[in-house]
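The opening residue of the sequence shown carries number 1211 in this note's numbering; numbering runs sequentially from there. No residue lacks a Cβ here, since even glycine has one placed at the ideal position from N, Cα and C. Note that the structure is a prediction, hence the values are computed from the model and not measured.
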Amino acid sequence: MEEETPEKIIERRKGDHVEICANEDLTQDYFYWDDVKLVHNPMPEIDLDEVTTSTTIFGRKLEAPLIISAMTGGYGKAEEINRNLAAAAEEFGIGMGVGSQRAALENPELARTYSVIKEFEVPLRIANLGVPQLIKQGLTAPIGIDDGRAAMEMIDAHLLAIHMNYLQEIVQPEGDTKSRGGLKALETFASALPVIAKETGAGIPKETALRLKKAKVKGLDVGGLGGTSFSAVEYYRAKSAGDTKRANIGKTFWDWGIPTPVAVVVANVGLPIISTGGLRSGLDVARAIAIGAGCAGMAGRLLPAALDSREAITQEIQTIIDELKAAMFLVGAKDVKELAATRALMTGRSKDWLDQLSE
Ligand SMILES: Cc1cc2nc3c(=O)[nH]c(=O)nc-3n(C[C@H](O)[C@H](O)[C@H](O)COP(=O)(O)O)c2cc1C
């Protein structure tokens, strides 16, 4: 059999990720967002049609505190998925990130699968690279500031997200598991470009948030536990490749990480927070804002509709925004500022986490 080139392996992996995320249940058996309770206001004294969801984050005005999180780019179907997502982001005036752009830096023919989002007026566009790629891994040279700049130019980005995904790297067969020097490299990037640090499903604790703040990042996407688990994704990939050892590791670390609502609270070190990880509805978006996030992020929940059609993703986001407005009305918050100041209770396992983390 002909051996696959590294480019082909990356391309196949990207396709696998989308297919698995769209078709398998990768979530946990516990819904951490249900631990966050907003307090009902029986006399809101506002009208539903007065409720406005607009907000400003990273100096960009969004019509709702919502970002479509980084998902794809760099393989066949990705262009259509990103086109559908970007059209919806334009329609609702919300932010959007693209998936890791490493593939297009190595093979410029793939740039189109990301740059398609420039065809739309997306008010906040976020480029994406991974912290493991900022470090030399085996024979692969690290990427530099010029690559970061090129990734941003590819989609005319306002920000560059540098993702931290060591949970995924440790479980996938071709994983980049060198991490020494990552923080220093990230700091070099953040001193030259508008960088946010982004976890991808395992959360950010306070200590790391403080170190990232010192490294001069502009914001944190806490990407916590509770939604898409990349350990679960790699479990399915390993299983279909007949790799029992990897499949077992994937299963063992399926629930690894800091639940997103906990991460939103503990990583709040004075930088804007994007709350991604397991958000299912506009009510979860409202909960995230009420516990301190500047904006919510969603990936897995949006993927099936984005794969389906522009109409499907438009309908999906419309529902989320309607639910957000309903939650705001029911707590008596007429704008995002009032929602951020509304009372929220932390219960259940998330409260246990918080109690012990603050001891
Ligand atoms: C198919 C898919 C591909 C993803 N690829 C990337 C990526 O390339 N870069 C990145 O930073 N995050 C990536 N993510 C992670 C998401 O941005 C997000 O942090 C994570 O899925 C948690 O959010 P969720 O629970 O709403 O899915 C991907 C997620 C999905 C579902």
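Buried or exposed: where does residue i fall if 16 or more other Cβ atoms within 10 Å of its Cβ makes it buried?
i            : result
residue 1219 : exposed
residue 1436 : buried
residue 1257 : exposed
residue 1341 : buried
residue 1492 : buried
residue 1250 : exposed
residue 1294 : buried
residue 1409 : buried
Please determine, among the options, the residue with the shortest C-alpha to C-alpha distance to residue i.
i            : options                : result
residue 1544 : 1242, 1253, 1236, 1260 : 1260
residue 1328 : 1424, 1296, 1340, 1276 : 1296
residue 1366 : 1306, 1348, 1342       : 1306
residue 1430 : 1569, 1267, 1533, 1384 : 1267
residue 1456 : 1469, 1470, 1468, 1441 : 1441
residue 1309 : 1301, 1452, 1322       : 1322
residue 1314 : 1303, 1289, 1294, 1293 : 1289
residue 1253 : 1542, 1312, 1378       : 1542
residue 1364 : 1344, 1326, 1451       : 1326
residue 1554 : 1531, 1509, 1503, 1569 : 1503
residue 1401 : 1552, 1330, 1355       : 1355
residue 1247 : 1568, 1549, 1508       : 1549
residue 1425 : 1240, 1399, 1332, 1516 : 1399
residue 1612 : 1380, 1265, 1406, 1279 : Residue 1612 lies beyond the range of the chain shown here (1211 to 1569); nothing can be said about it.
residue 1405 : 1432, 1433, 1423, 1371 : 1371
residue 1299 : 1227, 1331, 1287       : 1331
residue 1395 : 1383, 1339, 1361, 1489 : 1339
Please state the DSSP three-state secondary structure of residue i.
i            : result
residue 1471 : helix
residue 1233 : helix
residue 1409 : strand
residue 1502 : coil
residue 1465 : coil
residue 1251 : coil
residue 1555 : strand
residue 1345 : coil
residue 1567 : helix
residue 1353 : coil
residue 1448 : helix
residue 1478 : coil
residue 1338 : strand
residue 1485 : strand
residue 1366 : coil
residue 1429 : strand
residue 1225 : helix
Going along the chain, which residues of its own chain have a beta-carbon closer than 7 Å to the beta-carbon of residue i, five neighbours each way excluded?
i            : result
residue 1211 : With a pLDDT of only 49 at residue 1211, under the threshold of 50, the placement of this residue in the model should not be trusted; the figure read from the coordinates follows. Taken in chain order, the list of residues that qualify is empty.
Near residue i, what residues of its chain come up, given a Cβ to Cβ distance below 6 Å and the 5 sequence neighbours on each side ignored?
i            : result
residue 1416 : 1476
residue 1513 : 1231, 1232
I want to check one thing, is the minimum distance from the CB of residue i to the heavy atoms of ligand 3 below 7 Å?
i            : result
residue 1511 : Among the ligands modelled here, namely ligand 1, ligand 3 does not occur.
Q) What alpha helix (DSSP H) runs, 4 residues minimum, are completely inside the stretch 1257-1330? A) 1288-1302, 1312-1316, 1322-1325
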